[in-house]
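Undergrad: This is the structure I have questions about; it appears just below.
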Amino acid sequence: MLPIQVNKFGGTSMADADAIKSCVSVIERQPQPTMVVVSACAGVTNRLVAISQSQAQVERQRLLDEIIVIHQGIAEQLPASSASCHQRLQSLHEQLTELAAAPLPQQPSEISRRRDLILSFGERCSSELFTAFWRSHSAAVEIVDARDILVTDSYHGNATPDLSATKERCKSLSSLLQEGVGIVTQGFIGADLQGYTTTLGRGGSDYSAALFAAALTAEQLNIWTDVAGIYTTDPRICSDAQPLQQISFAEAAELATFGAKVLHPKSLKPAIEHGIAVFVGHSRHPEKGGTLVVPEPTTRPSIRALARRRHQTLLTVNSIDMLHATGFLARLFDVLARYNISVDLVTTSEVSIALTLDEDGSRANGQSLLPEPMLEELRQFATIEIEQGLTLIAVIGNDIGHYGDISPKVLQAASPDPVRMICQGASRHNLCFLVADSGAERIIKNLHAKL
Ligand code: ADP
Ligand code: ASP
Ligand code: MG
1 MLPIQVNKFG GTSMADADAI KSCVSVIERQ PQPTMVVVSA CAGVTNRLVA ISQSQAQVER
61 QRLLDEIIVI HQGIAEQLPA SSASCHQRLQ SLHEQLTELA AAPLPQQPSE ISRRRDLILS
121 FGERCSSELF TAFWRSHSAA VEIVDARDIL VTDSYHGNAT PDLSATKERC KSLSSLLQEG
181 VGIVTQGFIG ADLQGYTTTL GRGGSDYSAA LFAAALTAEQ LNIWTDVAGI YTTDPRICSD
241 AQPLQQISFA EAAELATFGA KVLHPKSLKP AIEHGIAVFV GHSRHPEKGG TLVVPEPTTR
301 PSIRALARRR HQTLLTVNSI DMLHATGFLA RLFDVLARYN ISVDLVTTSE VSIALTLDED
361 GSRANGQSLL PEPMLEELRQ FATIEIEQGL TLIAVIGNDI GHYGDISPKV LQAASPDPVR
421 MICQGASRHN LCFLVADSGA ERIIKNLHAK L
């Protein structure tokens with residue numbers, strides 16, 4: 001059996017014909033059997049989300065026209081032999097137009113099903129384009145609909161994959177890959193057991209690629225993006241951020257969880273569990289190298305990198321009943337769990353508990369972050385306070401809490417802005433603190449300069 005490589009190309013790598021051609025040359029250099037997982041072309045998923053939310057037909061049509069222009073601009077540069085790609089693209093655009101023109105459903109379950117179906121067109125179109133470009137170099141390329149192989153539950157907008165069912169469906173792909181056939185599929189989308197299209201949450205193509213890599217027991221998962229690896233912080237915030245040659249799975253998982261968009265937070269678990277090496281590199285500049293995510297990196301610095309997560313909500317729950325009481329936290333978390341609220345950080349004092357809530361995770365289903373019925377339930381046993389417009393900054397490293405120099409650096413970097421919450425101790429790999437959105441970039445720049 002030849003070792004399999006799974007290559008994922010993100011939205012900017014799929015942005016135009018030149019970008020896609022660079023991706024094809026990246027995989028053409030790989031001798032191994034190759035599976036490619038693509039995102040939608042840059043800007044397409046945002047427009048599809050807006051189509052799924054807009055009540056105005058004129059607005060939906062305008063967004064649709066923009067998407068068609070993006071895809072056609074790319075398709076125009078395909079070689080003359082790509083007639084079937086043009087046809088399939090046209091058919092997908094027609095289906096999407098019909099869906100966007102249909103009256104909006106009323107039932108919440110129908111709304112979320114329709115939303116995921118609309119969102120799926122981004123990856124379905126981009127994968128057709130990628131396949132056609134790749135076929136112009138190599139005849140043996142097949143496109144596979146991810147909805148036939150990635151099995152999920154029915155939680156639309158943030159579906160949970162079923163890896164063993166997905167492995168079963170991927171079995172036939174292994175033999176194709178071993179025969180030298182290149183496979184292209186879509187990231188981000190799957191289907192539930194009834195066949196309804198589902199999505200894995202924004203940025204979910206990394207996660208899809210990791211699941212396929214696990215299902216195929218691949219040797220390596222390559223995440224090709226618009227930066228040459230994982231940096232010491234987001235290079236868009238600090239121009240002097242440095243690329244990291246190696247990082248441990250644990251550090252990378254923390255970085256991703258705390259907002260480093262370069263990797264989807266859930267994408268590392270399948271790779272860790274299946275012993276798959278993960279590489280992050282630049283699709284347009286593979287010669288720049290990248291970051292290898294490994295179980296045991298050669299160095300273990302106390303501070304490796306900084307991450308930030310915007311749009312945090314701080315919920316403070318205060319109840320005198322909590323004084324020496326048992327079961328209070330269980331009651332609180334039971335309410336939050338029933339409303340699918342995703343909690344990030346927690347700090348407690350004798351009579352109050354402060355939690356940060358993740359907007360993206362909690363609202364993935366298109367619902368309100370803090371539904372009124374949930375707040376009503378909480379008010380029955382506590383007073384609550386809600387603060388928004390906050391950013392969580394995470395210092396990621398090793399044995400944090402065992403060195404004395406980190407907390408003073410954090411507090412100095414934040415000064416004079418107030419630190420609304422600070423969390424350390426639960427993980428040896430992070431120290432997190434919460435500040436107002438307005439000061440976050442300044443604080444990250446200050447802190448990065450001190451590291
Ligand atoms: P893709 O479309 O390829 O999935 P994303 O936009 O999701 O790409 O992720 C790449 C972006 O992640 C980079 O352009 C960068 O701005 C951002 N990013 C955030 N933190 C980091 C980090 N520590 N290292 C590298 N990139 C980071
Ligand atoms: N296209 C999806 C998004 O924009 C998934 C991805 O790009 O990873 O969120
Ligand atoms: Mg991404």
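The sequence shown runs 1 to 451 under the UniProt record's numbering.
From the three backbone atoms N, C-alpha and C, an ideal C-beta is built for every residue, glycine too.
Would you check if the segment 181 to 189 and the segment 141 to 149 touch, i.e. whether three or more CB-CB distances between them fall below 8 Å?
TA: Between the segment 141 to 149 and the segment 181 to 189, the count of Cβ pairs shorter than 8 Å is three or higher; the stretches touch.
Undergrad: Tell me which residue opens and which closes the beta strand (DSSP E) that residue 280 is part of.
TA: 277 to 282
Undergrad: How many Å lie between residue 89 and residue 275 at the Cα?
TA: 37 Å
Undergrad: Please report the Cβ distance between residue 60 and residue 54, rounded to the nearest whole angstrom; I am assuming they are in contact, meaning their Cβ atoms lie under 8 Å.
TA: 5 Å
Undergrad: Nearest by alpha-carbon distance to residue 158: which of 182, 36 and 192 is it?
TA: 192
Undergrad: Once the 5 residues before and after residue 282 are set aside, which same chain residues still bring their CB inside 8 Å of it?
TA: 224, 225, 226, 227, 228, 229, 288 and 290
Undergrad: In this structure, how does DSSP classify residue 314 when only helix, strand and coil are distinguished?
TA: strand
Undergrad: Considering only residues of the segment 183 to 236, which uninterrupted alpha helix (DSSP H) runs meet the minimum length of 4 residues and lie entirely inside it, listed in chain order?
TA: Every alpha helix (DSSP H) stretch that sits fully inside the segment 183 to 236 and reaches 4 residues is listed by chain position as 205 to 215.
Undergrad: Got a sec: does ligand 1 put a non-hydrogen atom nearer than 7 Å to the Cβ of residue 13?
TA: yes
Undergrad: Does at least one heavy atom of ligand 1 sit under 7 Å from the Cβ of residue 255?
TA: yes
Undergrad: So residue 388 is in the beta strand (DSSP E); what residue range does that whole segment cover?
TA: 383 to 397
Undergrad: Can you tell me whether residue 248 is helix, strand or coil according to DSSP?
TA: strand
Undergrad: Under 8 Å, do residue 151 and residue 169 count as touching if we go by C-beta distance?
TA: yes
Undergrad: Just how far apart, CA to CA, sit residue 110 and residue 375?
TA: It is roughly 26 Å from the alpha-carbon of residue 110 to the alpha-carbon of residue 375.
Undergrad: Is residue 152 near ligand 2, judged by its Cβ being under 7 Å from some heavy atom?
TA: no
Undergrad: Kindly indicate the opening and closing residues of the beta strand (DSSP E) around residue 6.
TA: 5 to 9
Undergrad: What whole-angstrom Cβ distance do residue 390 and residue 435 have, given they're in contact under 8 Å?
TA: 7 Å
Undergrad: Under the rule that 16 or more other beta-carbon atoms within 10 Å means buried, what is residue 180, buried or exposed?
TA: With fewer than 16 neighbouring CB atoms inside 10 Å of its own CB, residue 180 falls in the exposed class.
Undergrad: CA-CA distance, residue 254 and residue 419?
TA: A straight line joining the alpha-carbon of residue 254 with that of residue 419 spans about 21 Å.
Undergrad: Report yes if the CB atom of residue 306 is closer than 8 Å to the CB atom of residue 429, and no otherwise.
TA: In this structure, residue 306 lies away from residue 429, with their beta-carbon atoms at least 8 Å apart.
Undergrad: Starting from the Cα of residue 5, find the closest Cα among 209, 407 and 437 and give me that residue.
TA: 209
Undergrad: In the structure shown, what three-state DSSP assignment does residue 293 receive?
TA: Looking at residue 293 - three-state DSSP - the assignment turns out to be strand.
Undergrad: Report buried or exposed for residue 190, applying the criterion of at least 16 other Cβ atoms within 10 angstroms of its Cβ.
TA: Residue environment: residue 190 is assigned as buried (16 or more neighbouring CB atoms within 10 Å of its CB, all protein chains considered).
Undergrad: Does residue 423 come out as helix, strand or coil in the three-state DSSP assignment?
TA: strand
Undergrad: With a threshold of 7 Å (Cβ to nearest heavy atom), would residue 182 be considered close to ligand 2?
TA: no
Undergrad: Would the beta-carbon of residue 316 fall within 8 Å of that of residue 342?
TA: no
Undergrad: Would you kindly check if the distance between the Cβ of residue 303 and the Cβ of residue 406 is under 8 Å?
TA: yes
Undergrad: Check this for me: beta carbons of residue 256 and residue 268, under 8 Å apart or not?
TA: yes
Undergrad: Given this structure, state the Cα-to-Cα distance separating residue 238 from residue 309, to the nearest angstrom.
TA: Going by the C-alpha atoms only, they are around 15 Å apart.
Undergrad: Which value, in whole angstroms, describes the spacing of the CA atoms of residue 396 and residue 247?
TA: Cα to Cα, the separation comes out at about 11 Å.
Undergrad: Output yes or no for whether 8 Å exceeds the beta carbon distance between residue 41 and residue 11.
TA: yes
Undergrad: Tell me the residue span of the alpha helix (DSSP H) that contains residue 378.
TA: 372 to 379 is the span of the alpha helix (DSSP H), which, as asked, contains residue 378.
Undergrad: Does the contact criterion of 3 or more C-beta pairs under 8 Å hold for the segment 73 to 92 versus the segment 131 to 138?
TA: yes
Undergrad: At the level of alpha carbons, what is the spacing between residue 206 and residue 264?
TA: If I take the Cα positions, the gap works out to 6 Å.
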